[in-house]
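A.B. asks:
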Amino acid sequence: MILIWTGFLLFVLLLLALDMGVLHRKAHVVAMKEALRMSAFWIALGVSFSVFVYYGYENHWMGLGDSVDAVDGAINDGQSATIKYLTGYVVEKSLSVDNIFVIAMLFGFFAVPGIYQHRVLFWGILGALVMRAAMIGIGATLIAQFHWILYIFGGFLILTALKMFFLNSETSDPNQNIVVRLTRKLFPVTSHYHGEHFFVRAGTAASHEADVPGGREEPDATVDRTKAGTLMATPLLLALVMVETTDLIFAVDSIPAIFAITADPFLVFTSNVFAVLGLRSLYFALAGMINTFKYLKPALAAVLLLVGIKMLIAGWLKEVLGEYFNFYVLGAVLLILAIGVVASLADRSPEKKAGQKHLNRVPTGDKT
Numbered sequence: 201m202i203l204i205w206t207g208f209l210l211f212v213l214l215l216l217a218l219d220m221g222v223l224h225r226k227a228h229v230v231a232m233k234e235a236l237r238m239s240a241f242w243i244a245l246g247v248s249f250s251v252f253v254y255y256g257y258e259n260h261w262m263g264l265g266d267s268v269d270a271v272d273g274a275i276n277d278g279q280s281a282t283i284k285y286l287t288g289y290v291v292e293k294s295l296s297v298d299n300i301f302v303i304a305m306l307f308g309f310f311a312v313p314g315i316y317q318h319r320v321l322f323w324g325i326l327g328a329l330v331m332r333a334a335m336i337g338i339g340a341t342l343i344a345q346f347h348w349i350l351y352i353f354g355g356f357l358i359l360t361a362l363k364m365f366f367l368n369s370e371t372s373d374p375n376q377n378i379v380v381r382l383t384r385k386l387f388p389v390t391s392h393y394h395g396e397h398f399f400v401r402a403g404t405a406a407s408h409e410a411d412v413p414g415g416r417e418e419p420d421a422t423v424d425r426t427k428a429g430t431l432m433a434t435p436l437l438l439a440l441v442m443v444e445t446t447d448l449i450f451a452v453d454s455i456p457a458i459f460a461i462t463a464d465p466f467l468v469f470t471s472n473v474f475a476v477l478g479l480r481s482l483y484f485a486l487a488g489m490i491n492t493f494k495y496l497k498p499a500l501a502a503v504l505l506l507v508g509i510k511m512l513i514a515g516w517l518k519e520v521l522g523e524y525f526n527f528y529v530l531g532a533v534l535l536i537l538a539i540g541v542v543a544s545l546a547d548r549s550p551e552k553k554a555g556q557k558h559l560n561r562v563p564t565g566d567k568t
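For this note's numbering, add 200 to where a residue sits in the sequence shown, where the first one is 1.
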């Protein structure tokens, strides 16, 4: 198992290096066509990995499928492992859409220049992968030792779903976030952006860079009154901190959701990784359509409700629907999401479409 984990992690690092070192080595505003093209690539890659899952578990490569899955008490063969992986991937991918809308609001609040949004998302997602790996490891260990924790996870998902159904989410001031406030206490924060830097030292050339390449250099009062050589954070770091915090909050919902499907650490982690890797391009493809999918949030709540109930009655479902009952769960998840998307598109009148054109822009935050 060590070899297969090592190989997968190296593969992920290669993808990240290719993304940041080749495809996005030069900062630029990600256009819609590029975002859609990259989204299609990441989705195709995530779905294609199910082929490896099938043969890996069917032939027990390097220990895959040798242990009992704590969720349904079964040994995962190729078919069951593939269904669980795809279900987990779809659930994680769909829940990440809600995350995207929050990130769009954060970028608007901090007025993050469009040219640097991909940079923030790259480092944010890298941190998210580390946090999720730790949470998955802890969760898998706890479930292996204490099976009853699954029922707590199930109840938590149901409560979260009901909250999404009946309570309006309040938009809080990111500046009041405890992590942002702690960052401000640790570092003085510059008054405006200085290129793509997360940190600058007062008095250096970087501390006098313009917001964006070719932009007009503006005086920074905070830099001017700070002792030369002092390490300072920029607003870009605050945006990154909030992206990390947001993903941690969403992970608290999404990690239990996938444990409702399988407790196999490899299936949980790989489905999470491929869902998160495509978050950047999906953001640039969907952030400008925040108001379009008005029924998507209720659909996501229904998905959480479904997997929460499934977690509580998995044994009964297995008896009624058979050994591959997760196939029906996958179908139900896809159907719920499809209904949410179709209902949202059908509800848009010609007047709404015309009036919303000026709203459907990816928030760049560029100063005018």
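From the three backbone atoms N, C-alpha and C, an ideal C-beta is built for every residue, glycine too.
All of these numbers come straight from a predicted model, not from anything done at the bench.
To the nearest angstrom, how far is the alpha carbon of ASN377 from that of GLY415?
C.D. replies: Position 177 of the sequence shown, counting from 1, holds the residue named residue 377. Position 215 of the sequence shown, counting from 1, holds the residue named residue 415. When rounded, the distance between both Cα atoms is 30 Å.
A.B. asks: Does the beta-carbon distance from LEU482 to SER296 come in below 8 Å?
C.D. replies: Along the sequence shown, read from residue 1 onward, the residue named residue 482 stands at position 282. Along the sequence shown, read from residue 1 onward, the residue named residue 296 stands at position 96. In this structure, SER296 lies closer than 8 Å to LEU482 by Cβ.
A.B. asks: Tell me, please, which residues DSSP counts as bridged to ILE570.
C.D. replies: Past the edges of the chain, shown from 201 to 568, lies residue 570, and the structure says nothing about it.
A.B. asks: Could you please give me the residues that DSSP links to MET331 through a beta bridge?
C.D. replies: In the sequence shown, the residue the question calls residue 331 occupies position 131. Answer by DSSP bridge pairing: none, since MET331 is not bridged.
A.B. asks: Roughly how many whole angstroms lie between the Cα atoms of MET331 and GLU444?
C.D. replies: Sequence index remark: in the sequence shown, residue 331 carries index 131 (1-based). Sequence index remark: in the sequence shown, residue 444 carries index 244 (1-based). Their backbone Cα atoms lie some 9 Å apart in a straight line.
A.B. asks: Excluding five sequence neighbours on each side, which residues of the same chain lie with their C-beta closer than 7 Å to the C-beta of ALA499?
C.D. replies: As a first step, residue 499 is located in the sequence shown; it is residue number 299 there, counting from the start. Counting only Cβ-Cβ distances below 7 Å, and skipping sequence neighbours, we find ILE536, LEU537, ILE539, GLY540.
A.B. asks: Among all the DSSP beta bridges, which residues are the ones paired with PHE493?
C.D. replies: Stepping through the sequence shown from its first residue, residue 493 is reached at position 293. Answer by DSSP bridge pairing: none, since PHE493 is not bridged.
A.B. asks: Is it buried or exposed for TYR255, if we count other Cβ within 10 angstroms and need 16 for buried?
C.D. replies: What you label residue 255 is simply residue 55 of the sequence shown in a count that begins at 1. Exposed, since its Cβ has fewer than 16 Cβ neighbours within 10 Å.
A.B. asks: Is it right to say ARG590 is buried, meaning 16 or more other beta carbons lie within 10 angstroms of its own, or is it exposed?
C.D. replies: The structure shown has nothing for residue 590, since the chain only spans 201 to 568.
A.B. asks: Below 8 Å between beta carbons: does that hold for TYR257 and GLY246?
C.D. replies: Translated into positions along the sequence shown, residue 257 becomes position 57. Translated into positions along the sequence shown, residue 246 becomes position 46. Not in contact: TYR257 and GLY246 (Cβ atoms no closer than 8 Å).
A.B. asks: Using 8 Å as the limit for Cβ to Cβ distance, is ASN526 near chain D?
C.D. replies: The structure shown contains no chain D; it is built from a single protein chain.
A.B. asks: Who are the near neighbours of LEU530 in its chain, counting only those whose CB is closer than 8 Å to its CB and skipping five residues on each side?
C.D. replies: Within the sequence shown, the letter at position 330 stands for residue 530. Correct list, in chain order: ILE283, LEU286, THR287, VAL290.
A.B. asks: Do you know offhand how far ASN472's Cα is from SER248's?
C.D. replies: As a working mapping, residue 472 is identified with position 272 in the sequence shown. As a working mapping, residue 248 is identified with position 48 in the sequence shown. Answer to the nearest angstrom: the Cα atoms are 15 Å apart.
A.B. asks: Determine the DSSP secondary structure at ARG401, reduced to helix, strand or coil.
C.D. replies: Counted from its first residue, the sequence shown places residue 401 at position 201. In the structure shown, ARG401 sits in a strand (DSSP, three-state: E or B).
A.B. asks: Which residues does DSSP pair with MET432 in a beta bridge?
C.D. replies: Indexing the sequence shown from 1 puts residue 432 at position 232. BP columns for MET432 point to VAL400.
A.B. asks: Where does VAL452 sit, in a helix, a strand or coil, going by DSSP?
C.D. replies: Within the sequence shown, the letter at position 252 stands for residue 452. Helix, per DSSP.
A.B. asks: State the start and end residues of the unbroken alpha helix (DSSP H) segment that holds TRP242.
C.D. replies: Within the sequence shown, numbered from 1, the residue matching residue 242 stands at position 42. First-last of the alpha helix (DSSP H) with TRP242: 232 to 258.
A.B. asks: Starting from the C-beta of VAL268, find all residues in its chain whose C-beta is less than 8 Å away, skip the five residues before and the five after it, and write them out in chain order.
C.D. replies: Position 68 of the sequence shown, counted from the first residue, corresponds to residue 268. Cβ neighbours of VAL268 beyond the five flanking positions: ALA274, ILE275.
A.B. asks: Please specify which runs of the alpha helix (DSSP H), each continuous and at least 4 residues long, are wholly inside the segment 473 to 541, giving them in chain order.
C.D. replies: 479 to 486, 496 to 512, 514 to 521
A.B. asks: Does the segment 409 to 428 come close enough to the segment 380 to 396 to have 3 or more Cβ pairs within less than 8 Å?
C.D. replies: yes
A.B. asks: Could you tell me how far apart the beta carbons of ILE343 and ALA451 are, in whole angstroms, since I believe they sit closer than 8 Å?
C.D. replies: Counted from its first residue, the sequence shown places residue 343 at position 143. Counted from its first residue, the sequence shown places residue 451 at position 251. Contact doesn't hold; Cβ gap of about 16 Å is too wide.
A.B. asks: What does DSSP give as the partner residues of VAL389 in its beta bridges?
C.D. replies: Counting from 1 along the sequence shown, the entry for residue 389 is found at position 189. In DSSP, VAL389 forms a bridge with ALA433.
A.B. asks: Under a three-way DSSP split, which group does VAL562 fall into?
C.D. replies: The residue you call residue 562 lines up with position 362 of the sequence shown. The predicted position of VAL562 is uncertain, since its pLDDT is 46 and thus under 50; no value can be drawn from it.
A.B. asks: For ASN377, which three-state DSSP category applies?
C.D. replies: By 1-based counting over the sequence shown, the position of residue 377 is 177. Residue state, collapsed to three classes: coil.
A.B. asks: Nearest-angstrom Cα distance between HIS515 and ILE455?
C.D. replies: On the sequence shown, residue 515 is found 315 positions in, with the first residue counted as 1. On the sequence shown, residue 455 is found 255 positions in, with the first residue counted as 1. The sequence given here has Gly at residue 515, not His. Near 21 Å, if we compare the C-alpha coordinates of ILE455 and GLY515.
A.B. asks: Sort PHE525, LEU496, PHE353 by Cα distance to SER544 and report the nearest one.
C.D. replies: Reading the sequence shown from its first residue, position 344 is the one you call residue 544. For the residues PHE525, LEU496, PHE353, the minimum Cα distance to SER544 belongs to LEU496.
A.B. asks: Per the contact definition of three or more C-beta pairs closer than 8 Å, is the segment 415 to 434 in contact with the segment 456 to 463?
C.D. replies: no
A.B. asks: Looking at the unbroken alpha helix (DSSP H) that takes in ILE358, where does it start and where does it end?
C.D. replies: Working through the sequence shown from its first residue, we reach residue 358 at position 158. Residues 349 to 366.
A.B. asks: With H, G and I counted as helix, E and B as strand and the rest as coil, what does DSSP make of THR462?
C.D. replies: The count along the sequence shown starts at 1 and reaches residue 462 at position 262. The answer is coil: DSSP assigns THR462 none of H, G, I, E or B.
A.B. asks: What are the boundary residues of the alpha helix (DSSP H) that ALA421 is part of?
C.D. replies: Counted from its first residue, the sequence shown places residue 421 at position 221. Where ALA421 is concerned, the enclosing alpha helix (DSSP H) stretches over 421 to 424.
A.B. asks: Could you check which residue in VAL476, ALA304, LEU203, VAL468 has the C-alpha nearest to that of ILE336?
C.D. replies: Your numbering for residue 336 matches position 136 in the sequence shown. When each option's Cα is compared against that of ILE336, the closest is VAL468.
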